[in-house]
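These notes concern the structure reproduced below.
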Amino acid sequence: MKAIPVKSKIYSHQLLKISPFKEVIKPTVPHKHADYFELIVLEHGAGYHIIDDQSYDVLPPSIYFLKPGQVHCWDFTRIPKGYVILFREELLNRKSLEIVYNLPVLMQLKENAMLLELVKCFCQDYQSSASPAILEAYLQLILLKAAEESNAQLQDGKPFNPIYYQFKSLVNVHFQQIKKIQAYAEMLHLPGAQLNTICKTASGKTPSMILNERIVLEAKILLSNTELSIKEIAASLEFSDPSHFVKFFKLYTNLTPGIYRELAFAKRH
Numbered sequence: 470m471k472a473i474p475v476k477s478k479i480y481s482h483q484l485l486k487i488s489p490f491k492e493v494i495k496p497t498v499p500h501k502h503a504d505y506f507e508l509i510v511l512e513h514g515a516g517y518h519i520i521d522d523q524s525y526d527v528l529p530p531s532i533y534f535l536k537p538g539q540v541h542c543w544d545f546t547r548i549p550k551g552y553v554i555l556f557r558e559e560l561l562n563r564k565s566l567e568i569v570y571n572l573p574v575l576m577q578l579k580e581n582a583m584l585l586e587l588v589k590c591f592c593q594d595y596q597s598s599a600s601p602a603i604l605e606a607y608l609q610l611i612l613l614k615a616a617e618e619s620n621a622q623l624q625d626g627k628p629f630n631p632i633y634y635q636f637k638s639l640v641n642v643h644f645q646q647i648k649k650i651q652a653y654a655e656m657l658h659l660p661g662a663q664l665n666t667i668c669k670t671a672s673g674k675t676p677s678m679i680l681n682e683r684i685v686l687e688a689k690i691l692l693s694n695t696e697l698s699i700k701e702i703a704a705s706l707e708f709s710d711p712s713h714f715v716k717f718f719k720l721y722t723n724l725t726p727g728i729y730r731e732l733a734f735a736k737r738h
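The following block contains the structure:
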């Protein structure tokens with residue numbers, strides 16, 4: 470069974486890292502980053518960037534934003550130039566936490582955007598070993614500017630509830646093994662009914678809907694990016710049998726896993 474590889478470009482003890490983007494054209498294989506966010510700011514380059522089951526043209530200046538667990542790969546036709554910012558959730562304040570869960574995957578920037586200059590200064594100060602407080606301030610400001618550039622729909626005027634984002638983080642880590650919402654409620658030290666209210670207030674979705682969407686997304690990723698059989702994918706997602714997985718997938722996509730894989734393959738070739 471050949472699963473999607475998990476790569477790490479940051480040490481386990483690091484909370485933040487910024488570095489220049491590698492200026493090479495060599496295509497990358499689909500991979501994921503398990504436990505940190507990745508903000509990629511490109512000034513130059515061309516080609517395409519596949520994230521989960523979607524393909525995006527590389528049209529700089531632009532920003533790509535990846536949450537933990539998302540699968541991506543690059544295929545450049547022109548040498549890229551830019552920066553990669555890696556950071557962990559522990560660094561985020563309340564506003565930044567809300568931003569990262571509402572940022573889109575792709576943000577097109579205006580030419581000569583101030584955000585590009587800000588990222589350059591951030592990298593220079595990081596390389597000069599600026600204090601952690603200064604580097605964290607750069608990150609918070611860059612996230613705010615990215616939200617402004619993308620018109621991210623933040624919940625202004627609504628009460629901020631960090632438990633909703635904690636639940637989404639737990640789902641992202643445990644969705645393959647833990648399928649019962651009550652187990653997540655217990656991890657958050659909440660009654661199940663309270664977790665349901667929190668999720669519906671924040672997103673209009675029940676906890677079960679959020680969990681099932683994450684399972685479906687992972688299934689799409691495995692169907693699009695691996696040669697695993699339907700039976701192997703069902704087992705990796707811990708379904709009791711392949712027929713249960715097929716019914717579940719069809720319920721949420723109106724397609725069987727096999728047809729979805731054929732369409733995804735045809736789209737890329």
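Heads up, this note's numbering is the position in the sequence shown plus 469, with the first residue counted as 1.
Virtual Cβ for every residue (Gly too), placed ideally from N, Cα, C.
Classified as buried, E567 has 16 or more neighbouring CB atoms from the shown chains inside 10 Å of its CB. Shown here, D526 sits in a strand according to DSSP, grouped into three states. Residue environment: A602 is assigned as exposed (fewer than 16 neighbouring CB atoms within 10 Å of its CB, all protein chains considered). Distance from the Cα of E731 is smallest, within the candidate group A606, L657 and S693, for S693. For I532, there is no enclosing alpha helix (DSSP H); the enclosing beta strand (DSSP E) covers residues S531 to L535.
Distance between Q539 and S477, taken at the CA atoms: about 13 Å. Secondary structure at I603: helix, using DSSP grouped into helix, strand and coil. Counting only the Cα atoms, I728 lies some 14 Å from D522. K501 is classed as buried because its beta carbon has at least 16 other beta carbons within 10 Å across all chains shown. For R557, no beta strand (DSSP E) run applies, since DSSP gives it neither H nor E. DSSP places I690 within a helical segment (H, G or I) once states are collapsed to three. For L587, same chain residues with a beta-carbon under 8 Å away, outside a window of 5 residues either side, are Y607, L610, I611 and K614 in chain order.
For I699, the enclosing alpha helix (DSSP H) begins and ends at I699 to S705. Taking a cut-off of 8 Å on C-beta distances, the stretch 669-679 does not touch the stretch 700-712, as fewer than three cross pairs fall below it. Take Y525, set aside five residues on each side of it, and the residues of its chain with a beta-carbon closer than 8 Å to its own are Y517, H518, I519, Y533, V574 and L575, in chain order. When the alpha-carbon of I509 is set against those of L578, F629 and E559, the nearest one is in L578. DSSP places H643 in the uninterrupted alpha helix (DSSP H) bounded by P631 to H643. For the set E617, E507, Y570 and N620, the Cα lying nearest the Cα of F629 is the one of Y570. Rounded to whole angstroms, the Cβ separation of V642 and L680 is 12 Å, and the two are not in contact under 8 Å.
In the displayed model, A582 falls within coil according to three-state DSSP, outside both helix and strand. Counting along the chain, the unbroken alpha helix (DSSP H) around A654 starts and ends at I650 to M656.
For S488, the beta-bridge partners assigned by DSSP are V553.
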